[in-house]
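So for the sequence shown, numbering that gives the first Met the number 0 puts the first residue at 0; every next one is plus one. Here is the structure we will look at.
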Amino acid sequence: MRIGLATAAAGMVMAPEVSEAALRAPPRQLVLLNLHTGERVRAEYWSKGRYQRDGLREINHLLRDHRTGAVHPIDPKLLDLLHALTRKVGSKTPVHIISGYRSPESNAWLREQDGSGVAQNSFHMQGKAIDLRVPGLPLRTLQRAALSLRGGGVGYYPDSNFVHVDVGPKRHWAS
(Lines of atoms letter the chains of each structure in order from A and count residues from 1; the text may use other names and numbers.)
(Lines give C-alpha, C1' and ligand atoms only; values in the text may rest on other atoms or scores of the structure.)
Protein backbone atom coordinates (compact mmCIF):
# COMPACT_ATOMS: atom_id res chain seq x y z
CA MET A 1 0.00 0.00 0.00
CA ARG A 2 2.78 2.46 0.88
CA ILE A 3 4.54 1.77 -2.41
CA GLY A 4 1.31 2.44 -4.32
CA LEU A 5 0.71 5.70 -2.48
CA ALA A 6 4.29 6.85 -3.01
CA THR A 7 4.07 6.02 -6.70
CA ALA A 8 0.77 7.89 -7.03
CA ALA A 9 2.25 10.87 -5.18
CA ALA A 10 5.16 10.85 -7.65
CA GLY A 11 2.64 11.47 -10.44
CA MET A 12 2.56 8.06 -12.09
CA VAL A 13 -0.57 6.32 -13.27
CA MET A 14 -0.75 3.00 -11.47
CA ALA A 15 -0.56 -0.34 -13.25
CA PRO A 16 -1.27 -3.59 -11.42
CA GLU A 17 2.12 -5.13 -12.12
CA VAL A 18 5.17 -3.89 -14.01
CA SER A 19 7.52 -6.36 -15.66
CA GLU A 20 11.30 -6.09 -15.53
CA ALA A 21 11.37 -5.51 -19.27
CA ALA A 22 8.92 -2.61 -18.96
CA LEU A 23 11.01 -1.09 -16.18
CA ARG A 24 14.09 -1.18 -18.43
CA ALA A 25 12.32 -0.03 -21.61
CA PRO A 26 13.25 3.45 -22.82
CA PRO A 27 10.84 6.26 -21.99
CA ARG A 28 8.29 7.34 -24.58
CA GLN A 29 8.17 10.99 -25.50
CA LEU A 30 6.15 12.98 -28.03
CA VAL A 31 6.97 16.35 -29.55
CA LEU A 32 3.81 17.98 -30.89
CA LEU A 33 2.82 21.33 -32.39
CA ASN A 34 -0.85 22.34 -32.40
CA LEU A 35 -1.29 24.25 -35.67
CA HIS A 36 -4.42 26.04 -34.44
CA THR A 37 -3.02 27.40 -31.17
CA GLY A 38 0.71 27.52 -31.98
CA GLU A 39 1.41 25.61 -28.75
CA ARG A 40 4.22 23.10 -28.68
CA VAL A 41 4.88 20.36 -26.15
CA ARG A 42 7.69 17.91 -25.55
CA ALA A 43 6.27 15.44 -23.06
CA GLU A 44 7.48 12.16 -21.66
CA TYR A 45 4.21 10.32 -21.20
CA TRP A 46 5.51 6.83 -20.34
CA SER A 47 8.54 5.67 -18.38
CA LYS A 48 9.55 2.97 -15.93
CA GLY A 49 6.69 0.79 -17.11
CA ARG A 50 3.94 3.35 -16.40
CA TYR A 51 2.08 6.17 -18.04
CA GLN A 52 3.15 9.46 -16.51
CA ARG A 53 0.33 11.67 -15.26
CA ASP A 54 2.10 15.00 -15.91
CA GLY A 55 3.07 14.05 -19.46
CA LEU A 56 -0.45 12.83 -20.19
CA ARG A 57 -1.89 16.06 -18.78
CA GLU A 58 0.35 18.19 -21.04
CA ILE A 59 -0.59 16.17 -24.12
CA ASN A 60 -4.31 16.21 -23.27
CA HIS A 61 -4.16 20.00 -22.97
CA LEU A 62 -2.35 20.44 -26.30
CA LEU A 63 -4.77 18.09 -28.07
CA ARG A 64 -7.86 19.83 -26.65
CA ASP A 65 -10.69 21.01 -28.86
CA HIS A 66 -9.31 24.34 -30.10
CA ARG A 67 -12.83 25.58 -30.91
CA THR A 68 -14.31 25.15 -27.40
CA GLY A 69 -11.26 24.74 -25.18
CA ALA A 70 -12.62 21.42 -23.89
CA VAL A 71 -9.94 19.02 -22.67
CA HIS A 72 -10.55 15.28 -22.77
CA PRO A 73 -8.27 12.35 -21.88
CA ILE A 74 -6.48 11.04 -24.93
CA ASP A 75 -6.37 7.26 -25.11
CA PRO A 76 -2.82 6.13 -24.20
CA LYS A 77 -3.05 3.52 -27.00
CA LEU A 78 -3.33 6.42 -29.46
CA LEU A 79 -0.24 8.03 -27.96
CA ASP A 80 1.63 4.73 -28.24
CA LEU A 81 0.53 4.46 -31.89
CA LEU A 82 1.67 8.03 -32.55
CA HIS A 83 5.00 7.31 -30.81
CA ALA A 84 5.50 4.17 -32.94
CA LEU A 85 4.61 6.13 -36.08
CA THR A 86 7.08 8.93 -35.38
CA ARG A 87 9.81 6.37 -34.69
CA LYS A 88 8.98 4.46 -37.86
CA VAL A 89 9.29 7.56 -40.06
CA GLY A 90 12.32 8.83 -38.13
CA SER A 91 10.75 12.18 -37.32
CA LYS A 92 13.05 14.61 -35.53
CA THR A 93 10.68 17.58 -35.84
CA PRO A 94 7.43 18.23 -33.97
CA VAL A 95 4.43 16.40 -35.37
CA HIS A 96 1.93 18.94 -36.68
CA ILE A 97 -1.50 18.40 -35.16
CA ILE A 98 -4.56 19.41 -37.16
CA SER A 99 -7.12 17.82 -34.85
CA GLY A 100 -7.00 15.81 -31.64
CA TYR A 101 -9.96 15.73 -29.28
CA ARG A 102 -13.16 17.11 -30.74
CA SER A 103 -16.17 17.95 -28.58
CA PRO A 104 -19.59 16.75 -29.76
CA GLU A 105 -20.46 20.41 -30.52
CA SER A 106 -17.38 20.89 -32.70
CA ASN A 107 -17.96 17.58 -34.43
CA ALA A 108 -21.57 18.53 -35.23
CA TRP A 109 -20.45 21.93 -36.53
CA LEU A 110 -17.83 20.32 -38.78
CA ARG A 111 -20.41 17.85 -40.11
CA GLU A 112 -22.64 20.80 -41.02
CA GLN A 113 -19.75 22.48 -42.85
CA ASP A 114 -18.62 19.37 -44.74
CA GLY A 115 -20.46 16.25 -43.68
CA SER A 116 -18.69 13.99 -46.13
CA GLY A 117 -15.40 13.80 -44.22
CA VAL A 118 -16.61 13.93 -40.61
CA ALA A 119 -18.08 10.84 -38.96
CA GLN A 120 -21.13 11.37 -36.77
CA ASN A 121 -19.61 9.19 -34.05
CA SER A 122 -16.03 10.25 -34.70
CA PHE A 123 -13.26 8.66 -32.66
CA HIS A 124 -12.01 12.23 -32.14
CA MET A 125 -14.88 12.68 -29.64
CA GLN A 126 -13.50 9.80 -27.57
CA GLY A 127 -9.88 10.94 -27.59
CA LYS A 128 -9.01 8.00 -29.85
CA ALA A 129 -8.12 9.82 -33.11
CA ILE A 130 -5.70 12.41 -34.37
CA ASP A 131 -5.18 14.20 -37.69
CA LEU A 132 -1.55 15.03 -38.38
CA ARG A 133 1.32 15.62 -40.74
CA VAL A 134 5.09 15.52 -40.35
CA PRO A 135 7.02 18.43 -41.87
CA GLY A 136 9.32 17.37 -44.68
CA LEU A 137 7.72 13.93 -44.98
CA PRO A 138 5.56 13.15 -48.00
CA LEU A 139 1.98 12.55 -46.92
CA ARG A 140 1.84 9.25 -48.82
CA THR A 141 4.92 8.03 -46.88
CA LEU A 142 3.21 8.92 -43.59
CA GLN A 143 0.04 7.12 -44.67
CA ARG A 144 1.96 3.96 -45.67
CA ALA A 145 3.88 3.98 -42.38
CA ALA A 146 0.60 4.30 -40.44
CA LEU A 147 -0.96 1.45 -42.42
CA SER A 148 2.06 -0.78 -41.74
CA LEU A 149 1.57 -0.41 -37.97
CA ARG A 150 -1.93 -1.92 -38.20
CA GLY A 151 -3.01 0.02 -35.13
CA GLY A 152 -6.52 1.03 -36.19
CA GLY A 153 -8.04 3.34 -38.77
CA VAL A 154 -5.94 5.30 -41.28
CA GLY A 155 -7.46 8.02 -43.44
CA TYR A 156 -5.56 9.74 -46.24
CA TYR A 157 -6.57 13.35 -47.00
CA PRO A 158 -4.14 14.72 -49.62
CA ASP A 159 -6.32 17.76 -50.49
CA SER A 160 -6.34 18.83 -46.83
CA ASN A 161 -2.71 17.72 -46.30
CA PHE A 162 -3.13 15.35 -43.36
CA VAL A 163 -3.36 11.72 -42.33
CA HIS A 164 -5.93 10.54 -39.79
CA VAL A 165 -4.99 7.75 -37.37
CA ASP A 166 -7.17 6.20 -34.71
CA VAL A 167 -7.24 3.21 -32.40
CA GLY A 168 -10.62 1.98 -33.57
CA PRO A 169 -11.12 -1.06 -35.82
CA LYS A 170 -8.49 -1.67 -38.50
CA ARG A 171 -9.64 0.00 -41.72
CA HIS A 172 -8.44 2.58 -44.23
CA TRP A 173 -9.85 5.12 -46.65
CA ALA A 174 -8.90 8.10 -48.78
CA SER A 175 -10.79 11.27 -49.56
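Positions of the beta carbon are idealized from the N, C-alpha and C atoms, including for glycine.
On the DSSP bridge list, what partners appear for residue i?
i: Ser98; result: Asp130
Buried or exposed: which applies to residue i, given that a residue is buried once 16 or more other Cβ atoms fall within 10 Å of its Cβ?
i: Arg39; result: exposed
i: Trp172; result: exposed
i: Ser98; result: buried
i: Arg132; result: buried
i: Thr85; result: buried
i: Arg27; result: buried
i: Ala20; result: exposed
i: His35; result: exposed
i: Asp165; result: buried
i: Asn120; result: exposed
Got a sec, what are the start and stop residues for the beta strand (DSSP E) residue i sits in?
i: Asn33; result: 27–33
i: Ser46; result: 39–46
i: His163; result: 161–165
For a test of the three-state rule: what should DSSP assign to residue i, helix, strand or coil?
i: Ala173; result: strand
i: Gly150; result: coil
i: Gln51; result: strand
Thinking residue i and residue j are a contact (beta carbons under 8 Å), I'd like their distance in whole angstroms, please.
i: Asn33; j: Leu61; result: 5 Å
i: His95; j: Pro134; result: 6 Å
i: His163; j: Gly126; result: His163 to Gly126, Cβ: 14 Å. No contact.
i: Lys87; j: Leu148; result: 7 Å
i: Pro168; j: Gly150; result: Actually they do not touch by this definition, with Cβ atoms about 11 Å apart.
Please list the terminal residues of the continuous alpha helix (DSSP H) segment that includes residue i.
i: Val17; result: Where Val17 is concerned, there is no enclosing alpha helix (DSSP H), given that its DSSP letter is neither H nor E.
i: Arg86; result: 75–88
i: Asp113; result: 103–113
Tell me whether residue i, by its Cβ, gets closer than 6 Å to a heavy atom of the ligand MG.
i: Val88; result: Absence of the ligand MG is noted for the structure shown, with no ligands found whatsoever.
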